[in-house]
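In terms of my numbering, the sequence shown is residues 60 to 544.
Data first, discussion second: the structure below is written as structure tokens.
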Amino acid sequence: MDGADGINAPTATSSTAAPTAGPSVGGSPVGGWTHRASHGVPAARPTARLRGMPDLRAPRGTRDLLPSERAVLGHLERVTRDLAGRYGYREMETPLFEQVSVFERGIGEVTDVVEKELFRLAPRTDEGDIYALRPEATAGIVRAYLQHGLQTLPQPVKVSLLGPMFRHDRPQAGRYRQFWQWDIEAIGDPGPALDAEIVELGARFYRDAGLEDVEILLNSIGDPACRPAYIEALRAHFRPRADRLPPVERARLETNPLRLLDSKDPRMTELNASAPSIVDHLCAECATHFEAVRAHLDELGIAYRLDIRLVRGLDYYTRTTFEFYRRGESGQQQALGGGGRYDGLVQLLGGKPTPGIGFALGLDRVMLALDQAGTAPAEGGEPLAVVVGADPAATALRLRIATGLRADGLAARADLGVRKLGRQLEGAARDGAHFAVIVGDELASGDVQLRDLEAGTQRTVRLDDLARELRRAAASHHHGTPERG
Ligand code: AMP
Numbered sequence: 060m061d062g063a064d065g066i067n068a069p070t071a072t073s074s075t076a077a078p079t080a081g082p083s084v085g086g087s088p089v090g091g092w093t094h095r096a097s098h099g100v101p102a103a104r105p106t107a108r109l110r111g112m113p114d115l116r117a118p119r120g121t122r123d124l125l126p127s128e129r130a131v132l133g134h135l136e137r138v139t140r141d142l143a144g145r146y147g148y149r150e151m152e153t154p155l156f157e158q159v160s161v162f163e164r165g166i167g168e169v170t171d172v173v174e175k176e177l178f179r180l181a182p183r184t185d186e187g188d189i190y191a192l193r194p195e196a197t198a199g200i201v202r203a204y205l206q207h208g209l210q211t212l213p214q215p216v217k218v219s220l221l222g223p224m225f226r227h228d229r230p231q232a233g234r235y236r237q238f239w240q241w242d243i244e245a246i247g248d249p250g251p252a253l254d255a256e257i258v259e260l261g262a263r264f265y266r267d268a269g270l271e272d273v274e275i276l277l278n279s280i281g282d283p284a285c286r287p288a289y290i291e292a293l294r295a296h297f298r299p300r301a302d303r304l305p306p307v308e309r310a311r312l313e314t315n316p317l318r319l320l321d322s323k324d325p326r327m328t329e330l331n332a333s334a335p336s337i338v339d340h341l342c343a344e345c346a347t348h349f350e351a352v353r354a355h356l357d358e359l360g361i362a363y364r365l366d367i368r369l370v371r372g373l374d375y376y377t378r379t380t381f382e383f384y385r386r387g388e389s390g391q392q393q394a395l396g397g398g399g400r401y402d403g404l405v406q407l408l409g410g411k412p413t414p415g416i417g418f419a420l421g422l423d424r425v426m427l428a429l430d431q432a433g434t435a436p437a438e439g440g441e442p443l444a445v446v447v448g449a450d451p452a453a454t455a456l457r458l459r460i461a462t463g464l465r466a467d468g469l470a471a472r473a474d475l476g477v478r479k480l481g482r483q484l485e486g487a488a489r490d491g492a493h494f495a496v497i498v499g500d501e502l503a504s505g506d507v508q509l510r511d512l513e514a515g516t517q518r519t520v521r522l523d524d525l526a527r528e529l530r531r532a533a534a535s536h537h538h539g540t541p542e543r544g
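What follows is the structure, encoded as structure tokens:
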């Protein structure tokens with residue numbers, strides 16, 4: 060193996076490495092790739108072979124998930140499916156693109172996500188619809204809820220969606236233009252008990268995924284009854300300081316001053332520190348709701364930190380908002396996930412007033428965190444057995460035996476190279492196979508040799524019994540009992 064300079068993993072020495080690719084994006088960690096690349100996947104190519112080749116690479120801000128990385132996403136997928144099932148959230152899918160107005164209305168036009176980051180698709184026909192790739196899942200799910208009349212089902216409707224989202228943002232570590240989210244929505248219940256259930260579900264996801272040090276930040280951002288007065292208080296705070304605001308924030312002071320609080324601009328930190336707190340401006344209903352959410356979390360023994368700056372980037376949120384961070388980290392770029400209540404969204408998209416709450420957890424950042432912590436699960440996928448043979452040319456025979464084992468539900472591979480038995484056995488060991496099935500002269504009497512590559516033992520087995528023997532040996536191995544030869 061020649062190192063990590065495959066097409067999608069340029070190194071500084073690669074003459075084709077494009078300086079525009081952005082730090083560590085596209086050249087994602089491939090450590091697992093280099094030492095686990097033996098499962099029938101092509102090896103990374105030497106730099107020399109790349110010279111003079113067309114400079115084709117994954118789009119800026121996207122990354123290939125090579126098998127070892129895809130295995131980590133698979134682990135996270137299994138955790139989400141398991142949790143969704145236990146908590147009563149049913150999986151659904153929405154299209155990867157929607158009419159652009161679903162996002163403009165459902166997220167808000169004065170947001171980074173819509174103003175700057177939406178991947179708009181150039182219209183190909185005169186259909187008249189303008190589409191954009193989904194930057195998040197909630198607006199599409201609520202669109203589907205209305206389109207399919209889900210408000211006639213028992214409420215709340217609880218759904219789960221896992222898939223890629225797209226934002227045309229400046230790529231950097233942990234911020235991609237295509238990234239994966241696990242999204243949960245519960246539509247049709249005003250809370251507050253449900254709010255606590257959902258926060259607890261998010262926290263449990265991180266624990267089950269293997270991240271122990273995740274902290275919950277919590278806030279309430281009020282509702283249309285109390286937020287206007289708070290927004291005026293914010294304007295009153297920032298107007299005398301307008302000359303110190305970065306240009307983008309100065310414009311937002313009039314259009315959407317809440318945005319200032321979760322600004323990514325470091326110049327805002329100090330100005331925000333002295334800003335009035337929304338918690339002091341909640342109306343009685345919102346204050347009661349917030350108290351109840353906190354009481355339910357306390358009852359569950361869930362620790363959280365109040366953060367009055369937590370206003371979320373999207374317009375449709377009301378009342379409860381929360382975010383998940385690794386302990387000691389803060390700021391939008393480090394958020395592992397977040398969510399909140401959006402009691403105004405269904406109406407905004409054309410339905411009757413309907414409460415809703417959900418979260419979106421970014422899976423890329425969990426993958427990175429697991430990688431940093433060294434706790435990412437191994438790829439797995441080693442074959443139980445590799446069928447090898449004394450006659451290098453007898454590839455059809457080896458393939459037939461492996462095909463039979465696979466039909467029996469076993470993970471088996473045949474060595475299909477025309478090479479000596481010794482080389483075939485080396486290949487089986489490199490693949491991490493537990494057993495080698497050695498086909499030789501004994502086949503004339505219906506026997507093969509079964510070699511335990513881990514124990515270094517070997518015995519004769521009837522070909523007719525091979526699948527059963529392998530299954531039994533594998534089971535006793537997994538239970539820690541040494542195989543009896
Ligand atoms: P948001 O809807 O912006 O709060 O996103 C929810 C979560 O998705 C964030 O906390 C991140 O973990 C993740 N996320 C959002 N944008 C990106 C991105 N561009 N790249 C990777 N992860 C992202």
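The beta carbon of each residue, even a glycine, is placed where N, CA and C say it ideally should be.
C-alpha gap between residue i and residue j, whole angstroms
i      : j      : result
Asp123 : Ala117 : 7 angstroms
Asn315 : Cys285 : 15 angstroms
Gly133 : Gly261 : 18 angstroms
Pro251 : Cys345 : 10 angstroms
Pro297 : Ile189 : Looking at the sequence shown, residue 297 is not Pro but Phe. Rounded to whole angstroms, Phe297 to Ile189 spans 37 angstroms at the Cα level.
Leu212 : Ile246 : 11 angstroms
Ala532 : His207 : 51 angstroms
Asp254 : Phe349 : 10 angstroms
Pro283 : Glu388 : 31 angstroms
Val173 : Val425 : 25 angstroms
Glu157 : Gly147 : 27 angstroms
Ile290 : Pro126 : 48 angstroms
Gly399 : Ile280 : 10 angstroms
Glu382 : Gly396 : 6 angstroms
Thr379 : Tyr401 : 9 angstroms
Asp423 : Gln508 : 45 angstroms
Leu293 : Val218 : 36 angstroms
Residue i CB to nearest heavy atom of the ligand AMP below 6 angstroms
i      : result
Tyr235 : yes
Gln240 : yes
Glu195 : yes
Ala394 : yes
Arg527 : no
Asp423 : yes
Gly491 : no
Ala419 : yes
Gly499 : no
Gly165 : no
Gly399 : no
Paired residues, beta bridge with residue i - DSSP
i      : result
Gln231 : Arg234
Ile243 : Ser219, Phe418
Gly399 : Thr380, Gly417
Val507 : Val520
Tyr375 : According to DSSP, Tyr375 bridges with nothing at all.
Tyr190 : Gln158, Leu180
Ala278 : The identity of residue 278 in the sequence shown is Asn, whereas the question assumes Ala. Asn278 is bridged to Thr380.
Met224 : Phe238
Beta-carbon proximity check, residue i vs residue j, cutoff 7 angstroms
i      : j      : result
Arg385 : Asp272 : yes
Pro442 : Ala466 : no
Gly199 : Arg193 : yes
Val216 : Leu209 : yes
Leu320 : Arg368 : yes
Ala428 : Leu270 : yes
Val447 : Gln483 : yes
Leu522 : Gly505 : yes
Glu195 : Ala419 : yes
Distance cut-off 6 angstroms: residue i Cβ against heavy atoms of the ligand COA
i      : result
Arg226 : Looking for the ligand COA in the displayed structure turns up nothing; the ligands present are the ligand AMP.
Any chain C beta carbon closer than 7 angstroms to residue i
i      : result
Thr519 : Going by chain labels, chain C is absent from the structure shown, which holds only one protein chain.
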